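See below for the structure under consideration.
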Amino acid sequence: MIDWLDNRYYYFLLMILSISYPLIRSFENKIRFYKNWKSLVFAISIMMTIFITWDIIFTNLSVWSFNDRYILGYKFLSLPIEEWMFFICVPYSCIFIHEVLNYFFPIKKIRFNIYRFNQGVAVLLLIIGLTSWGKIYTSVCFILTGLFLLLLKRKNIHLIALIYRTFSVSLIPFFIVNGILTGALTNEPIVIYNNLQTTMIRIVTIPIEDFVYCLFMLGLTIWIYELQKNAISKT
16 MIDWLDNRYY
26 YFLLMILSIS
36 YPLIRSFENK
46 IRFYKNWKSL
56 VFAISIMMTI
66 FITWDIIFTN
76 LSVWSFNDRY
86 ILGYKFLSLP
96 IEEWMFFICV
106 PYSCIFIHEV
116 LNYFFPIKKI
126 RFNIYRFNQG
136 VAVLLLIIGL
146 TSWGKIYTSV
156 CFILTGLFLL
166 LLKRKNIHLI
176 ALIYRTFSVS
186 LIPFFIVNGI
196 LTGALTNEPI
206 VIYNNLQTTM
216 IRIVTIPIED
226 FVYCLFMLGL
236 TIWIYELQKN
246 AISKT
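Under the numbering used here, the letters of the sequence shown match residues 16 to 250, in that order.
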């Protein structure tokens, strides 16, 4: 473990580093990501309303907690200020990746039945969620994500493809950031999970539920972002 990382600025600096490059590159001349900020702010605001509420409830239920060793100590509605930053910095960075992929690798033709694939994933998540009812994080995360995926209809096939592509590529930085949050580089994790409320299945240090959580958070943000962006373009 890296001992010099054991300080209360750790989570805060991780969020700053996560958003720094995408934020700086938002003003470059090709993608001009800053021009979509209005749509992004709208999408993140709606996503945060859902996920912050979820976070507050689960924190108060002791489904997870935050290690005081790695946070500044300022809290609002039971959540460290760094946790609020998480729901801004991470989606911002992922939507930046989304726009980069759209610019350089636009999806012109979908070569397999992404709709049926998505429906299959949704059903699988619902089954796992319903059969894990005693584990709050597993059941709520899988059921909500499954229900969200079922909302994506056949007419949304292009959007579905965009969501899964961006999610797949975003797993690389997600694995790094979430690995750090769950103790990959430090003596203790920043976010501490109650193992009684999870499957206890982890990929390295990351609970398997976090990957499903990421799919829901990112998918919802992309969906609202694309709808809002299209609405603005028609005005």
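Virtual Cβ for every residue (Gly too), placed ideally from N, Cα, C. If you're wondering where the values come from, they're calculated on a predicted model, not measured in any experiment.
For residue i, tell me which candidate among the options has the shortest Cα-Cα distance.
{"i": "T197", "options": "L38, P37, M232, Y85", "result": "Y85"}
{"i": "Y49", "options": "I112, L242, L38, E224", "result": "L38"}
{"i": "F189", "options": "V155, F102, F57, K249", "result": "F102"}
{"i": "T220", "options": "A58, W52, S33, A199", "result": "A199"}
{"i": "D83", "options": "I72, I71, I96", "result": "I96"}
{"i": "V56", "options": "Y240, N22, A137", "result": "Y240"}
{"i": "S41", "options": "E114, V192, I151", "result": "E114"}
{"i": "S33", "options": "F127, M215, S185, Y228", "result": "S185"}
{"i": "I178", "options": "L145, L242, Y152", "result": "L242"}
{"i": "M30", "options": "L233, Y107, W69, L92", "result": "Y107"}
{"i": "Y36", "options": "N133, K123, C104", "result": "C104"}
{"i": "I205", "options": "F81, T153, T68, D70", "result": "F81"}
{"i": "A176", "options": "S248, N133, N210", "result": "N133"}
{"i": "I112", "options": "N22, S183, Y152, I158", "result": "S183"}
{"i": "F231", "options": "E43, D21, N22, F66", "result": "F66"}
Just the C-alpha distance for residue i and residue j, rounded to the nearest angstrom, thanks.
{"i": "I195", "j": "W238", "result": "28 Å"}
{"i": "L162", "j": "R47", "result": "34 Å"}
{"i": "W148", "j": "L28", "result": "36 Å"}
{"i": "F73", "j": "W79", "result": "6 Å"}
{"i": "S54", "j": "I110", "result": "11 Å"}
{"i": "Q212", "j": "Y118", "result": "41 Å"}
{"i": "L167", "j": "L233", "result": "14 Å"}
{"i": "K45", "j": "S77", "result": "45 Å"}
{"i": "N202", "j": "N128", "result": "45 Å"}
{"i": "I142", "j": "I223", "result": "15 Å"}
{"i": "S60", "j": "T236", "result": "9 Å"}
{"i": "N75", "j": "Y152", "result": "13 Å"}
{"i": "I5", "j": "H173", "result": "One cannot answer for residue 5 here, as it falls past the ends of the chain, which runs 16 to 250."}
{"i": "Y130", "j": "M215", "result": "30 Å"}
{"i": "G144", "j": "L165", "result": "14 Å"}
{"i": "I191", "j": "A58", "result": "24 Å"}
Bridge partners of residue i, per DSSP?
{"i": "I207", "result": "S80"}
{"i": "R40", "result": "R40 pairs with nothing; no bridge assigned."}
{"i": "R169", "result": "DSSP, once it has assigned bridges, lists no residue as partnering R169."}
{"i": "K124", "result": "Note: K124 sits in no beta bridge, so no partner."}
{"i": "I216", "result": "Answer is none; I216 lacks a bridge partner."}
{"i": "K90", "result": "P95"}
I need the boundaries of the alpha helix (DSSP H) containing residue i, first residue and last residue.
{"i": "R180", "result": "172-196"}
{"i": "E224", "result": "223-248"}
{"i": "M100", "result": "96-119"}
{"i": "V56", "result": "52-75"}
{"i": "Q134", "result": "129-145"}
Below 7 Å, is the gap between the Cβ of residue i and the nearest heavy atom of the ligand ADP?
{"i": "P188", "result": "This structure simply doesn't include the ligand ADP, nor any ligand for that matter."}
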